[in-house]
Amino acid sequence: MKRNVLVLTGSLLLFAGAVRAQAKLVEKVTRKGSEIVIPYEKYVLPNGLTVLVHEDHSDPVVHVDVTYHVGSAREEIGKSGFAHFFEHMMFQGSDHVADEQHFKTVQGAGGTLNGSTNRDRTNYYETVPSNQVEKMLWLEADRMGFLLDAVTQKKFEVQRSTVKNERGQNYDNRPYGLASETISKNLYPYGHPYSWMTIGYLEDLNRSDVNDLKNFFLRWYGPNNATVSVGGDVKPAEIIRMVEKYFGSIPRGPEVTPVQVPSVSIDKDRYVTQVDNYARVPRLYLTLPTVRNYHPDATALDCLAEILGQGKNSVLYQTAVKKQLALQASAFQFNSELAGEFRFEIVPVPGKSLADMEKLLRDAFVEFEKRGVTDEDIAKFKGSNESQMINGLQSVSGKVSRLAAYQTFAGNPNKIADELAELRALKKEDVVRVYNQYIKGKGAVVLSVVPKSQEQLVAHEPNFTIDPGGYKTPDYGYAGLKYVKAKDNFDRAKMPAAGPAPVVKAPAFWKKEMANGMKAIGTFNDEAPTVAISLFIPGGHILQAKDLSKAGLASMVAAMMNEDTKNHTAEQVSVELQKLGASINVSSGLNGITINVQALKQNIDPVLALMEERLFRPNFSEEAFSRLKNQRIQGFKQMKSQPAAVADAVFAKVNYGPNHILGVSQVGTEETINNIQLKDVEAYYNNYITSQGARLVVVGDIRQAEVESKMAFLSKLPNKKIDLPKVDPAPAVDKTKVYLVDVPKGAQTEFRVGYATGLKQDATGDFYRATLANYALGGNFNSRLNLNLREDKGWTYGARSGFSGNQISGEFQFSSGIRADATDSALVEVMKDINNYVTNGPSDEELSFMKSAMGQVEALRYETPAQKAGFISRILEYNLPADYTVQQNKILSNIKKDELARVTRQRIQPEKLNILLVGDKARVLDKVKKLGYEVVELDADGKKVGEKKEF
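See below:
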């Protein structure tokens, strides 16, 4: 690494008296040799804005990130959730950007965008074709400098409702969703900025007003508290010119100093109980305070967490899960800017209490002290973490995000060098020391989460009460804040035009059909020293089409292939893979089993040897089968407590019927998994592992000749033809009706509206056209359904519709989690939007927007190895021509409204839709009946309520 640092001796004069917004280069980092580094240039503007630019011309893509150093840690008691709330408000328009236009502008440019908030920062980001970068900087600058006059009471109310829906969907309406909230307020002192969650409390959101929110913006959203990071197909000088133009005149905000809080300590265990209405299985959490971000002990604590509770070699897995004393057991280390947490989670097997689980945890500590830390522990931790670091740099967004985080929290964008040095210097003694310093004998928050009426299963009676005494609200400097806008010498209302469209080239690939019937395809890419491999073997869930009694068998086979081999235990394989910085995972799908491999190029030979062993020499033991079967059965019980999971499972039954393979989950049901025996797993493996119809996809730093040589072992696959069962079409829907699954006191109602269309996936036919047609209805943020239900009504966190398909069948589906008290009203709006769209088709504006968005998005499709693999994999799976994307673009360019309207009318029939509502029957049933629909009540298994047989 070459690092140049420019010292600005006159910086005080610069900031105090600058007339021009001229950025100053303060640092430049370049790569030297093959070192792991993210090259960048760092600038600072007179108003305090930090700018980072990373140049990478490998793809015609640019990622823009604006990070503000403000999160929920800048809030105070009684005003929680403001940072996250403001993240929502930043998408609601500014002086020169109309309401809802931010999303529309980015998506219309072929880009993607979002924002996120955590305890310590809020960021906003876009990934776009490289010719659109100036437009993105204009957008971000407008909301930094010209937001508040566009913040109206109506927008405030709608987004407050949206945030409430987000809390309902992600926390209140989800099993264990409030565990972190309970832990935080019992772990940290009253008033500590980490003692509440980023989402905030509903009562705080309810009593806030628009002026509170405006003050929050004025205090924390100044350029001197922000970092603009731009990376990809750019030239630094051009980016700096744009940043100076659009951001340079924005006035500096109030000074921001670091948050100072004392270290957290717990003198003795704090036992806390939470009764969870959604949980079906109790769960124990044990949390201890540790260290903040970039603390010298953070790496050793991460390693300790891996040894204690991550993977098959961990102490908890070996002492609790493998012996079937617990269903799940894990350990994690979390680091934030002000503090850290070390957390254990453990789920009991039936018949065991959380007191039993706490004893298992304490016993695991004793076992760890006997076992110690081995050289192998250190080697696998270093190997896997360095590999993760390399893999995280495969996309421009990954690199830019890392630069932004390093600058925000460490003031050093090149922190990756320090982290690598700390990782490589880690010793066994460090891990033992941090265990003794932060875990052994230390006080913890011990949270028992128990289902209603199972309070007797708690680990211990509660013994801790939160003490608000002595807390004094800090003065964050909100008094006297004034809104001062930038003064420009150009017309900021004029959106910058896009530059010349970049030339987008699909990856070049090689293709070959092997003598044994296997087809192979690959693409060479040496941007990162990695290789990704995917081997697909036909079969999968579809094989049970004629015998649903053992549905889930393929999934069990895949799970068993991830266990022991005849040569090594699963633990031994895991150790070797971690040391090599690689992964091998076997999974099942609708029509096949897939083996996915990720490896560093330098380690490809030993990784492929392990792949060969896992494929050809699995050891199907009764012990592993019994454990996996029990875990899966208990998992089904937990899934029934998750409204969204229930909705997905029941909707499949509604669409296909209970006796159709597509109406049964690919992982099976409690009944079908109970029917499967170990001999069934062995029979599947012996009969359905074949080269006929198999597909091999290889992407990365490896040429075709190497692939053929190194993977010659695949010639040993049995060359036998597998006939997949014919799948019957879905039953026809005679009329639109409502199916209702009761979730008592549910905060939201899960909506699923649609039916099985029978429209199979294609690249250039009606399926592709249907996807285009749906774009305006429910296929993007600015779609009719989402704007109506989320942005106009504030009833949901998000609403979407779409067509899905494969080689067997296809579906149309609308889905959303809707506020419970708006269920009937939302249903009226959903059906109104669908009916109007089917009747009239898209407008001229919607057609133009869809063409612009879909036509430019190709620049983002081929950047990462995973994206390249997806592209060539589709070519192989659907036997597509190499230029199929060119053909799609021609269809897109020439398609007319009447053709989209035709496809819509043909593929969406409002009078023949299945409507599934999963929510509180007491609140929604009578109201929905008043809408005139026939209502059929189902249970969480999809059976009619009151009947033994399925509907």
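Residues -23 to -1, 1 to 928 (mature numbering (1 follows the signal peptide of the UniProt record, and there is no 0)) are what the sequence shown spells out, left to right. All C-beta atoms, glycine included, are put in the ideal place defined by N, C-alpha and C. Bear in mind the structure is a predicted one, so any value in this text is a computation, not a measurement.
Please say whether residue j and residue i have beta carbons closer to each other than 8 Å?
i           : j           : result
residue 363 : residue 558 : yes
residue 116 : residue 238 : no
residue 247 : residue 423 : yes
residue 539 : residue 694 : no
residue 498 : residue 852 : yes
residue 8   : residue 301 : no
residue 888 : residue 713 : yes
residue 139 : residue 29  : no
residue 756 : residue 779 : yes
residue 94  : residue 175 : yes
residue 783 : residue 738 : yes
residue 306 : residue 287 : no
residue 84  : residue 830 : yes
residue 761 : residue 753 : yes
residue 953 : residue 435 : The shown model of the chain, from -23 to 928, leaves out residue 953, and the question about it has no answer.
residue 141 : residue 179 : yes
residue 842 : residue 727 : no
residue 618 : residue 148 : no
residue 675 : residue 570 : no
residue 462 : residue 225 : no
residue 281 : residue 15  : no
Determine the burial state of residue i: buried for a count of at least 16 other Cβ atoms within 10 Å of its Cβ, exposed for fewer.
i           : result
residue 518 : buried
residue 786 : buried
residue 673 : buried
residue 774 : buried
residue 632 : buried
residue 443 : exposed
residue 31  : buried
residue 60  : buried
residue 181 : buried
residue 343 : exposed
residue -22 : Bear in mind that a pLDDT of 44 at residue -22, under 50, signals an unreliable position, so the model cannot answer this.
Rounded to whole angstroms, what's the CA-CA distance from residue i to residue j? Just pull it up for me.
i           : j           : result
residue 651 : residue 808 : 41 Å
residue 914 : residue 716 : 6 Å
residue 721 : residue 324 : 24 Å
residue 479 : residue 297 : 55 Å
residue 358 : residue 350 : 11 Å
residue 170 : residue 896 : 34 Å
residue 916 : residue 923 : 9 Å
residue 275 : residue 392 : 14 Å
residue 634 : residue 741 : 30 Å
residue 905 : residue 800 : 8 Å
residue 813 : residue 834 : 28 Å
residue 687 : residue 581 : 9 Å
residue 113 : residue 166 : 41 Å
residue 857 : residue 744 : 14 Å
residue 107 : residue 37  : 5 Å
residue 709 : residue 781 : 18 Å
residue 81  : residue 188 : 27 Å
residue 485 : residue 502 : 10 Å
Going by beta carbon distance, what residues of the same chain come within less than 6 Å of residue i, once the five residues before and after it are set aside?
i           : result
residue 698 : 669
residue 54  : 168
Beta-carbon within less than 8 Å of residue i's beta-carbon, same chain only, minus the 5 sequence neighbours each way: which residues are those?
i           : result
residue 273 : 399
residue 277 : 403, 407, 408, 410 and 411
residue 661 : 516, 520, 530, 531 and 534
Suppose the cutoff is 7 Å on Cβ atoms and the five residues either side in sequence are ignored; what does the same chain contact list for residue i look like?
i           : result
residue 729 : 624, 628, 790, 792 and 893
residue 160 : 262, 264, 422 and 424
residue 542 : 550, 590, 591, 594, 595 and 596
residue 361 : 555 and 558
Quick one: is residue i near chain B, going by C-beta distance under 8 Å?
i           : result
residue 404 : Included in the structure is just one protein chain, with no chain B present.
Across the region 67 to 74 and the region 127 to 142, are there enough close Cβ pairs to call them in contact, namely three or more that are closer than 8 Å?
yes
Can at least three beta-carbon pairs, one atom from the region 515 to 530 and one from the region 695 to 710, be found at a separation below 8 Å?
yes
Below 8 Å, can you find three or more Cβ-Cβ pairs linking the region 198 to 218 to the region 374 to 383?
yes
Mind the definition here: the region 561 to 580 touches the region 530 to 538 only if three or more C-beta pairs lie below 8 Å; say whether that holds.
yes
For the region 470 to 485 and the region 641 to 655, state whether three or more C-beta atom pairs, one from each stretch, are separated by less than 8 Å.
Not touching, per the Cβ criterion.
Contact between the region 602 to 621 and the region 899 to 908 is defined here as three or more beta-carbon pairs at a separation below 8 Å; is this criterion met?
no
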